Every structure is written in structure tokens, then in C-alpha cells.
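S.K.: Each residue of the sequence shown is one higher than the one before, counting from 22 in this note's numbering.
Below is one structure. I have some questions about it.
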Amino acid sequence: MLHRIFGRSGSGKTEYLITCLKEKQSAGADCLFLVPEQQSVDTELLLENSGATALGTEVLNFERLPNHIFRRIGGLVTQSVDGLGKTVLISRAARELGDSLSLYRSPRGEVLAELVATVSALKRLGVSPVALSAAEKNIKGGSDSSIKQKLKETALIYEKYGQLLGKDKTDDNDGLIRLAAALKDKAFFKGISVFIDGIYTFTPTQYEIIELMAESSDDIYISFLADEDESGIFGDTLSCAEKIKKLCHGAVRDVFLRENYRSKDAALRFAEANLWQNADPYPKAAESISLAACADRYEESLRAAAEIYALRAKGYDYGSIAIACRHPQSYSGILDAVLEKYGIPFYFALKDSAATKPLGAFIMGLLDMAAEKTPLWAVKKYLKSSFSVLSERQADELLHYGESWRINGKAWLTEAPWLMNPSGYRESFNPKDEALLRRINKAKAAFAASLAPTVEALRAPGLTVAKGVKLIYAHLEDCGVAAKLAKSAETLTAMGDSDGGAKTAALWGVTIDILERLYDLAGDMPVSVEQLGQLVSAMLENSDIGAIPSYTDAVSVGDARLMRSDGIRAMLILGVNEGEFPSLPKKSGIFNSKESALLEEQGIELLPPVDKAIDQERFFFYVCVSAPSEYLSVSYISGDGGRPSPAFTVLSAMFPHNPVRLFGEDERDYLFCTKAAEEQLPYIKNQKLAERLRAHLGTKESTLPPLQDADAYVKEKGVQRIRLSYSRIDCYNNCGFNYLLAYELKLRDDRKIRFSAMDTGTYMHRIMEEYMSKRMESGSFVPADRGETLAEIDAITEEYIKAVIPQKPSKRLLKHIDRLKNVAVYVCESLCDEFCHSKFTPEGFEVEIGNGGIAPTVLVSPKGRRVETRGFIDRVDSAVVDGKRYVRVVDYKSSKKTVTPAMIERGEGIQMLSYLYTYCDADSKGALPAGVLYRSFELPEDGKMGTQKGVVIDDGAVLAAMDDRGKKGAVGARAYGAEDFDCFREKVFCHIKETADKIIDGDMGVRPFKKEQIDCTYCPYGEVCRQERETGRFR
């Protein structure tokens, strides 16, 4: 007899079945209890706790049923091919069909995954390749032609897939088909009472099995989560019940359970009974229901953590709390991170793809290097995985060098050492760079020795899947991957990340399984290394890594479609947004919704009709809402234009006295535990709340973490002396935080090495120094003609290239240097012209201040610290005018620059003035300051010689000595009196002393110097700093 048990959520259907089961057991009958796969363990525990004896009772699911029965009747001799195996065989099928296909000749990535999903769905529905071909022929020619081609090629691949399975393998969906065929002549279920619970819908093959059960079993009991209401959400379930009634030709007994036994809370009972019913609203506020909006998924996850802490305070076990999301993968890395951070044990029923793991990147990096001639991006993928033969430091230094110099190709796998300076285009190596390059070349040699043989073998002719798999496995062994994974798993577990540790520990087995599947199912298939990479990539993407729950008492987090209600006291439903929950399926495998509708006309329902899909989604929401016995919390994301879904809107309308709160609007929302309160304390705006919280926590100050404090201070005790270069002073003036990162923490800039403005300046400086030195060899300035100038610049450039580019320079760089040579010719000729009209002559080039050069001016800061400056003066010129010795300093610049009194007042552009005063102070002949000039390397647009900007002494005789052409000459600087120069001196040295005190005191706040715009445009530390470059606001 067929017993149909109908009831809404919480009506006691499972308990009713268990009661009937115990009665059958008492009568000595064998029993079979079928439930969904994810419910098996809970059902076994429920049977044990209810006193139902396990003797003679099997708890199974439809997936395990064929194995269970075949072991008793015989016939279990074939290898079952699951989704991973199907990925291999369907890819192989498409490749072997070759020119017969146009759309799917070489499927990969998402397309291959969709083909696998489509074939699996067709198998489940019992649709054969012949039926698929017939559907293609029956669809009218006026229909979208793309579906006909899709059907034609899918049928070919489907048929070829069946041929590749052969006689010794079966699709994992064939188990029930084979079972149905095997049981047609056998009364296997005679004397067995069958119980089916918690399954909402059935596949055609499952219906066939149920029909066979009904023919020979004594009794078959099936529960249906359904009620004859008018909402439509139970339509699918009721249709199943009617279909089963027709299949079971014997007597039918219907049982209707109408009482809600799950919840005693009136509001929750009201929600379960009236959801989607357009009922009158609940008349008062419900403490058992909470509705909220959150700014984003992180805020929503914080709210979930806060709710869990509040529930724990009321005596809830973690295991009695569940979190449901319609798309849990969108919360991966956010929700789990928040729960772990605040010490909440949880089980996230979401498996990770092997492709997202470092080992997957390592294998794909190896294959990409072999397929793509060792591109830098593939090397990066390989080294970043941390599984190579190199240590973490070696890999980091090697990769940074390769990225800096943009190294691609065979240079990675040869024995030849690299020669370029790690610091960029430099004429000489300092000891630090020499040591670093030695380490880099040692790491490169180990890298090449480990990798080159494998890469060469993969590139060799005659590659098959089997050969490729063996090479991959050998390389994994050579790199000690298994031991590294084991150590990483131990570390993660010791750190408290048991889930991560378990998944890492499982990764080696999953990887070996992938390689074995490839070897077994496609070992003899000839492939290119690129095709092998596509196969391995598809396998990695379709391989899931799960972990057994590590806590006996943990919050369960999972897909709203798979949530079950056993023992749930509190349910938190997240992401109830428009388009997200309820959600409409837009595609079924390779077929979109429009194409699925055409297939439905041919009797192939891959995707439910829109109205049916809507009802299914409303049903899933109903299941979640009705699951808890005591508390329900529902939230949606309001940020970035997010809107509540119709489901949230309906629930909110049912409980008008429960307002929707924006989480975080009240600062107390974030203070749900001690750790959260300590983190939030520095940000609290309500001072009274902050004071109460400090008193509660016993904290005197609200201290931000150093990298989050805009006014951060780095304390150094006992420092009474400092030496500063002007590059450091300028850096600090631009931003104290930039100075902290660059000079105190010594964070390096990961930008690629290029011939920058600084390198251009170095090249031009060298030409100016050597060219002008040659002009002064006789003791006085001797100009050169155009031919001499060109020859000297060519010679200097050739020596420069040899010094800074020991390996073959790129054509692009050589062209750039050729353009710079034209600029150098212009500058040298303009200098010759200038000195033909000047009594000033060069007396020093690259003059060093400090470090054994010109003695620095020793300053004493306002706080009594000794301050010395150091640096290099590009050129020093001198002249004797009216019996007095005058000195000017010249700075070469790649762009136009000057200095003004307003800039000096701000401490901007004071470097050259400081050099001038320091040089005069150290001059034994009592030199007087004549001025500061900036010589630009820019070519003037009109072709005329440009003038030099800066500040000079307002003395007619001195100005005439600089250029006897007056205003028509090369000096276009502003003139200031001797008193002005004395004032400049005081301001320059005062600023240096104040800057020194700030640096020693550790004032490293994020305060970028403001000119026309905030000076953050070219800052290399944007990823570390919290300030938005465009707006100046802090992140």
C-alpha cells in the first residue's frame, strides 16, 4: 500500500514516519529509509534517539541505493564515472569528433563545464542522444538556428561520450537506470517497508524505482511538504504526489498533518502559515523576528556575528543556529572570515574548487610556461604558489627582479646569469646590489635546473595525456609538494583554522585523483601541451575540496535550497535582495531560457518554466522561514543601489510593527563582543559611549593601529643627532607617511624598472660633467664646435650604455637614448654659448657635501638636536667681481623649475639654496652667494636657447659677470638683494631644523603636501595608504 503523508513545515511528518517505522520493526519487517544525501547522518541520529532499532533498517539515498542493492543481487562490476570523469571524456569526445563540430570543437573552461552539466541533466531525465537528435529535427526552421546547431553537436558529443564509456564504465546517473532494468524481473522489495522523507521532487528514473518498490514492497510511505493552499509554492510537490499515486496501482492511504509542532512562538507560527498568502498583518511587534538592511556583505556578516553572540547569551547552542544564503559562494571569504575572527565555530557547507588553491596555480603555471614559452605571468603564477624548489625569500627576490626588468622567455630556463642592476639603470653596483644579484642568480640557477627538463619534455613531439601526467607527477615529487602541503595543513590547524587545515590536507589526494583520472580515461590521447593544460584546468575547476566538520557544536552555513530544519532554534537568512533570493535560473547548461522553452515543447524539460521557477524559489524561501523554532532574522544589502527582494518585502509587510533597521546606524551594533568593542573603540563618535566603553574595557586611550592612524607617531628615544639628505627632506615635506614607508620601513617600490626621469637626469648629468670638464682642462673655458660636441657625446653615451646595460639593450631604449642625445647636444651648445658671455667658470662637478666632501653646515634644532645635511651639487661656478669671490650653484633638471620667496616660506625647493650657503660657509676664500640657477634639459619649442630660472643676487656687476648680454642672455632668474639672501638663509636652515625635530619625534602622519592638487598622484604607496587620491578622504 502507498501511504502519502502531507503536511506543512513543522507538522511532524518525519516523526510520523518514524512511528510507523517502529511499528513495522516490532512486527519483524525489514525497513528501508530513503532521505536526501545531506540528511543521512541526521536521520540515523534521529532514529537512534527515537528508540528505533537500527537492526534490519537501512538509511540510504537514491545515489547509494544501486550500490546497496547490486551488492545483494550481483551485477556491480563496472566503474562509475562521476562529474570529474565526465569532464575528461566529454573533452575527449569533442576532440575526437574534430571537424564534425564547429561550436564545441575544443571546449574549455565554462563551456566545457556547461557541456558536462547538460549531458548529466539529459542522463538524469532519461533523454538519449537519439531523442536529442529527434528534437533537433522537430524544431521548426524558423526558430533560432543556433539551438539546432547546439542540439546537433550536443547529440554527437553525447553519443561519442557513451561510446567512450564502453562496457566497463557507466555514467554515475546510469546506476538507477541499470537498477530499474535489473529489478524488473525481481521482487527485491518483497517483505520490505520503504520510507521516503525530505525529498521535494523526483527524476524520471527515481519515479521508475518507486513504481518497482510499490509493486513488490509491503508498504511504501512517502512524505510530502505540501498543503492545498492557494499560494502555488507547493505545486511541484503536489504534482509529484499525484504522479506517484498513478504509478502505484494498489491502494492509497492519505494522511494530512495540519498542526505546527515545531514552534510555540505565535509570530513564527503566523509567518509559516501565512507567507505568500496575502493575509492580514501580524497585529503587534514580534520579538522573535528581526528585519535588517546592511551596507554590504561584510556588514551583513558582522550583523550575523552580532546576532549569534546575542543568541548565545540567551543560552543557544551554536549547533541550534543556522545561516542560509541563496548563493553562499558570494559570501565565501567574507562570512567565514568574520565568524572565524570572532571565535564562532561554524561549518560552511561550501566546497572550494581545486583551481582556486595554490597547488592548482603551481601546476597550471608549469603547463603555461611550457605552452607559452615561459612568459613572466606564468612564472609569477608558478612561484607565487610557494611549491617550487626555492625558499619564499628566493622566490620573492627572483620574481621581483624578473618583474622589474620585465624578463620573458628562455632567459628564465638557461644557465646564463643575469647582469642587470637590481636597483635599475645604475653605472655601478653598491655592495647591497652585488649581494642581491648573487642571490638572485643562485635562485635562478636552482629554478632553471628544477624546471627546464620538465618544460623541455612537455614541449617535445609525441606528447600524450599519459606522458604529460607522469611529467607533472614527477615534478610534484621533485618539489616535495606532499610534504609542503602536510606542513601547511599542520600550521593552519595550529593557528585555529581547522577548516583550512583539513582542506589543505585533502588537496594532495584530490590532485592525485585528477592525475589518475586523466591517465585512466584519456592516457593514450595525443595532445599539445596547451591542450593538456586545458584538460588539467577543467579538471581542477570541477574538483571540489570539502572538509568534515571539525566541531560537534557549530553554526551551520549553507545553501538555502538545501537547508533542513532538524534542531534549528534560530535561522539567519542573508542576502534577501532583488534578483538574488528569490533567484531565477537564466541558463541550463549550454541552453538559455529561450532555448529551454523550445526544448520543453519537445518534451525535454531542462529548465522549468518561469512561473514554475518562481514558485520553486518562493518554496525555498518558505522552507527557510519556517525552519526555526524560536528566532528568525532576515537581512538584505542596501549599499550600491541594493534593493530588498519581493520575499523580504512580503515578510516586512506581514510584520509592520517590526521596523527594518540599518545595521551600524547605532554605533552599539558593533560592540557585540569584547574583541569587536576593542577594535571599534577608536572610531566611536559618541564620546559618552566611548567613555563608558573604555571604563568597561579598562582602556585609558583609544589607540588606532599604526597604519590606520592619520596622525601616527613613531617613537624613537634618545636620538640627539641626525644626518639628512635633501631627498629625505623633500620626501618628508611631501608626506610624513611616505617618509615612514620609504626610509624607516624601507618598503620597496614594486614598479617595473624603466628609464625614468631620474635615469634621464643621471645620463644628462654624466654628459654635462664630462663635457664641461673637458672644456675646462686648460684652466679656462674652451668652447667646442658642433663636430667635437657630437663626437664627445657619442663616446660618453657608448660608455654609459656599457656601464648601465651590460646585457643587450632593447631597441626602444636605444631610440630613447638617441632622442636624449639630441637634447644633450642642445644643452652643451647652449652652455658653450653661455660661457662665451660669462666671467663665471665651472670649478666643480657633482660636488659632495658631507661624507668626506664639503663640510656640512652644522645646525642645532629647537630641541637641541645636532642636524647635518648631505647631498651633491651638480655644478659650482665662481667668479671674482670687484675683488670679491662669488659662487653660484647650478642644478640640472629634466623639466622646468624655479624657486620663489613663497616657496621658500613653505620649505619647498630649498635644496639648492641650502647647498649654496653650505658651500660658501665651507669656502676658505670667503665666497659670497651669487645665486641658484636651474638648467632645464627640455628642448624649447621655438628652437631658441632657453633662459635659466632661479634666484640671483641683485648686484649689477655680478649680473653682468654672469652674462654680459643682460636680459637677452641665458640668465632669466629673479634678482634679490643681499638682505633678502640673508633672510632666505635663515628660513632655509630654520625649516631644516624643524623638519629634523619632527622626524626624530616620529611625526609620520598622512598629510600630503598640497600644491594645485594633493601630492599623491605618483606615490608608490597608494595600496598601503588610506587616503583616496582623488578626493583626499581617508579610506
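For glycine and all other residues, C-beta sits at the position ideal for the given N, C-alpha and C.
Given the structure is predicted, the values throughout are model-derived calculations rather than measurements.
When the Cα of E321 is compared with those of G685, P630 and A824, which residue comes out closest?
M.R.: Of G685, P630 and A824, the residue nearest in Cα terms is G685.
S.K.: How is the alpha helix (DSSP H) around T670 delimited, first residue to last?
M.R.: Note, T670: alpha helix (DSSP H), P667 to M675.
S.K.: Contact between the stretch 143 to 161 and the stretch 64 to 84: three or more CB pairs below 8 Å?
M.R.: Verdict: no, contact absent.
S.K.: Provide the residue span of the alpha helix (DSSP H) that contains P128, from first to last.
M.R.: Where P128 is concerned, there is no enclosing alpha helix (DSSP H), given that its DSSP letter is neither H nor E.
S.K.: According to DSSP, V576 sits in a beta bridge with which residue or residues?
M.R.: DSSP, once it has assigned bridges, lists F367 as partnering V576.
S.K.: Contact criterion: CB-CB distance below 8 Å. Does P304 meet it with respect to chain B?
M.R.: Included in the structure is just one protein chain, with no chain B present.
S.K.: Using 8 Å for Cβ pairs, my map puts N598 next to G663. What's the rounded Cβ distance?
M.R.: Right, their Cβ atoms sit about 5 Å apart.
S.K.: Do L411 and A464 come within 8 Å of each other at the CB atom, strictly closer than that value?
M.R.: In this structure, L411 lies closer than 8 Å to A464 by Cβ.
S.K.: Considering only C-alpha positions, which residue in the set Q932, P396, R279 and S899 is nearest to D944?
M.R.: Comparing Cα positions, the closest option is S899.
S.K.: Can you check which of these residues, N843, D903, G904 and R414, is closest to L960 by C-alpha distance?
M.R.: The shortest Cα separation from L960 among N843, D903, G904 and R414 belongs to N843.
S.K.: Pair every Cβ in the stretch 807 to 822 with every Cβ in the stretch 872 to 882, then say whether three or more of these pairs are closer than 8 Å.
M.R.: Output reads no: the stretch 872 to 882 does not touch the stretch 807 to 822.
S.K.: Which first and last residues belong to the beta strand (DSSP E) in which M592 is found?
M.R.: Per DSSP, M592 belongs to the beta strand (DSSP E) from A591 to L595.
S.K.: Can we say the stretch 450 to 459 touches the stretch 398 to 412, given the rule of at least three CB pairs closer than 8 Å?
M.R.: In short, these stretches do not touch, since the Cβ pair count stays below three.
S.K.: Could you have a look at Y319 and say whether DSSP puts it in helix, strand or coil?
M.R.: It is helical.
S.K.: Nearest to R585 by CA position, among F641, E135 and S915, is which residue?
M.R.: Answer by Cα proximity: F641.
S.K.: Among the candidates L556, H717, D780 and L397, whose CA atom is the shortest distance from the CA of W426?
M.R.: Checking every option, the nearest Cα to that of W426 belongs to L397.
S.K.: In chain order, what are the residue ranges of uninterrupted alpha helix (DSSP H) at least 4 long that sit wholly in the stretch 952 to 1031?
M.R.: As far as the stretch 952 to 1031 is concerned, its whole alpha helix (DSSP H) runs of at least 4 residues are 977 to 983 and 999 to 1022.
S.K.: Whose C-alpha, out of Y907, L380 and D417, is nearest the C-alpha of E498?
M.R.: Here the closest residue by C-alpha is L380.
S.K.: Along the chain, where does the beta strand (DSSP E) that runs through K190 open and close?
M.R.: K190 to D192 is the extent of the beta strand (DSSP E) around K190.
S.K.: Apart from the five residues just before and just after L404, which ones in its own chain have a Cβ nearer than 6 Å to its Cβ?
M.R.: The residues are A416 and L420.
S.K.: Of all the options R887, I822 and M797, which has the alpha carbon lying nearest to the alpha carbon of F856?
M.R.: The shortest Cα separation from F856 among R887, I822 and M797 belongs to M797.
S.K.: Quick check: the stretch 648 to 655 against the stretch 574 to 591, are there 3 or more CB pairs under 8 Å?
M.R.: Yes: the two stretches touch, three or more of their Cβ pairs being nearer than 8 Å.
S.K.: If distances are taken between C-alpha atoms only, which option among K431, D193 and V973 comes closest to G1070?
M.R.: Missing from the structure shown is residue 1070; the chain here goes from 22 to 1056 and no further.
S.K.: Got a sec, what are the start and stop residues for the alpha helix (DSSP H) D898 sits in?
M.R.: Per DSSP, D898 belongs to no alpha helix (DSSP H); it is in the beta strand (DSSP E), R887 to V902.
S.K.: Between the Cα of V557 and the Cα atoms of T532, D574 and H717, which residue gives the shortest distance?
M.R.: Selected option, being the one with the closest Cα: T532.
S.K.: Using only the alpha-carbon positions, how far apart do Y652 and M516 sit?
M.R.: One C-alpha to the other measures close to 33 Å.
S.K.: Can you grab the Cα-Cα spacing for the pair D690 / A698, in whole Å?
M.R.: If I take the Cα positions, the gap works out to 10 Å.
S.K.: Is it the case that the stretch 25 to 36 contacts the stretch 242 to 249, given that we only count it when at least three CB pairs across the two stretches are under 8 Å?
M.R.: With a cut-off of 8 Å, the stretch 25 to 36 and the stretch 242 to 249 count as touching, because enough Cβ pairs lie within range.
S.K.: Enumerated in chain order, which unbroken segments of the beta strand (DSSP E) with a length of 3 residues or greater are wholly contained in the stretch 286 to 364?
M.R.: DSSP runs (the beta strand (DSSP E)) wholly in the stretch 286 to 364: 310 to 315 and 342 to 346.
S.K.: Report whether the distance from the Cβ of Y907 to the nearest heavy atom of the ligand COA is below 7 Å.
M.R.: The ligand content of the structure shown is nil, which means the ligand COA is not present either.
S.K.: With burial defined as no fewer than 16 other Cβ atoms inside 10 Å of the residue's Cβ, what is the status of V102: buried or exposed?
M.R.: Buried is the call here.
S.K.: What are the start and end residues of the alpha helix (DSSP H) that includes L86?
M.R.: Note, L86: alpha helix (DSSP H), L86 to I94.
S.K.: Comparing C-alpha positions only, which one of A73, E249 and R896 sits nearest to P863?
M.R.: Among A73, E249 and R896, the Cα nearest to that of P863 belongs to R896.
S.K.: Who pairs with E79 in a beta bridge, going by DSSP?
M.R.: DSSP output for E79 lists L53 as bridge partner(s).
S.K.: For V979, which residues from the same chain have a beta carbon less than 7 Å from its beta carbon, with the 5 sequence-adjacent residues on both sides left out?
M.R.: Taken in chain order, the residues that qualify are V902, Y907 and A951.
S.K.: Leaving out the 5 sequence neighbours to the left and right, which residues in its chain are closer than 6 Å to S154 when beta-carbon positions are compared?
M.R.: Cβ neighbours of S154 beyond the five flanking positions: A176.
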